[in-house]
Amino acid sequence: MLPGSVEENQSIGNRRKVEVFVKANADYTVKADAATTLISSWDGWGTSLYVFGDREDIADLLFTTKDAVTLNGSTSSLPALGLTIARYNIGGSANNVVDDSGTEVSMETSDNMPAFKLMETFWLDWMSKDPTSTSWNWDADAKQRAMVGLATQRDVDILEAFSNSPPWWMTNNHATAGGDDGDKDNLEDWNHDQFALYLATVVSHARTS
Numbered sequence: 001m002l003p004g005s006v007e008e009n010q011s012i013g014n015r016r017k018v019e020v021f022v023k024a025n026a027d028y029t030v031k032a033d034a035a036t037t038l039i040s041s042w043d044g045w046g047t048s049l050y051v052f053g054d055r056e057d058i059a060d061l062l063f064t065t066k067d068a069v070t071l072n073g074s075t076s077s078l079p080a081l082g083l084t085i086a087r088y089n090i091g092g093s094a095n096n097v098v099d100d101s102g103t104e105v106s107m108e109t110s111d112n113m114p115a116f117k118l119m120e121t122f123w124l125d126w127m128s129k130d131p132t133s134t135s136w137n138w139d140a141d142a143k144q145r146a147m148v149g150l151a152t153q154r155d156v157d158i159l160e161a162f163s164n165s166p167p168w169w170m171t172n173n174h175a176t177a178g179g180d181d182g183d184k185d186n187l188e189d190w191n192h193d194q195f196a197l198y199l200a201t202v203v204s205h206a207r208t209s
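For the sequence shown, full-length UniProt numbering assigns the number 1 to the initial residue and increments by one for each residue that follows.
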């Protein structure tokens, strides 16, 4: 028997069934002890930027240590969080149409994926790897890029990049919301190197622009 549990016995044929129901306590205290940490150092505390747009009030709430921040439309204030890490989501979505040898190809969308979660890609098609060509659009994802600037102005210590999906045209089903089969890789085999190039190019551009 577990502490604070109730046992129920039932007979099923020649077998005896025992069920144990554990009662949950309403109050539970968790204490953080730095002396028992499993890591030697802590880089900081952060958040992804992709759903916040370019609002200065949210940037103040996330990346400053102000005692009180009032969000737009609110009548009350909140203490700022003082986050020190900002994570940029390198997107893969776009609404462009690509002419593939006479066949028009575009991104597949899903009703299960809200539009605000579709992060724009900088690499629009497979026609050119040259980041200065028309295959690339460095004006994309303006709001998240603006949020990077707002976070930097507030002295964020670390900027990181990650990606939830390759550009849509690199995937098997031309979608960024996920593959048709969740057990299989949705990145086309011949685009593994292309995806790595895309991520490296975006990070390089961010460093120099």
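Beta carbons: idealized from backbone N, C-alpha and C, even for Gly.
Checklist entry - From Asn186 to Asn172, what distance separates their C-alpha atoms? => result C-alpha separation (whole angstroms): 5 Å.
Next on the checklist: Beta-carbon within less than 7 Å of Ser93's beta-carbon, same chain only, minus the 5 sequence neighbours each way: which residues are those?
Outcome noted: Correct list, in chain order: Met107, Leu118, Met119, Glu120, Thr121, Trp168, Thr176.
Checklist entry - What is the residue span of the alpha helix (DSSP H) that Gly149 lies within? => result Per DSSP, the unbroken alpha helix (DSSP H) holding Gly149 starts and ends at 142-153.
Item to check | Proximal residues to Gly179 (C-beta, below 8 Å), its chain only, five neighbours per side dropped | outcome: Residues Thr171, Asn172, Asn173, Asp185, Asn186 of the same chain have their beta carbon placed closer than 8 Å to that of Gly179, with the five preceding and five following residues left out of the count.
Checklist entry - How big is the Cα-Cα spacing for Asp139 and Arg55? => result Between Asp139 and Arg55, the alpha-carbon positions lie close to 18 Å from each other.
Item to check | 7 Å Cβ shell around Leu61 - same chain, five flanking residues per side excluded | outcome: Once the five neighbours on either side are set aside, the close Cβ partners of Leu61 are Val69, Leu71, Leu78, Ala80, Leu81.
Checklist entry - Roughly how many whole angstroms lie between the Cα atoms of Ser128 and Ile90? => result Straight-line Cα distance between these residues: approximately 19 Å.
Checklist entry - Would you say Thr47 and Arg87 are within 8 Å of each other, going by their C-beta atoms? => result The Cβ atoms of Thr47 and Arg87 sit closer than 8 Å to each other.
Checklist entry - With C-beta atoms as the reference, is Ile85 less than 8 Å away from Asp43? => result Cβ distance < 8 Å, so Ile85 and Asp43 count as in contact.
Item to check | CA nearest to the CA of Asp130, picked from Thr201, Ser209, Ala146 | outcome: The closest CA to that of Asp130, considering only Thr201, Ser209, Ala146, is found on Thr201.
Next on the checklist: Measuring only from the beta carbon, is Asn96 closer than 7 Å to any heavy atom that is part of the ligand NAP?
Outcome noted: Of the ligands one can find in the structure shown there are none, so the ligand NAP has no counterpart to examine.
Checklist entry - Which runs of the alpha helix (DSSP H) fall wholly inside the UniProt domain "Endo-beta-1,6-galactanase-like" (55-207) and span at least 4 residues, in chain order? => result If we require 4 residues or more, the alpha helix (DSSP H) runs fully inside the UniProt domain "Endo-beta-1,6-galactanase-like" (55-207) come out as 56-63, 142-153.
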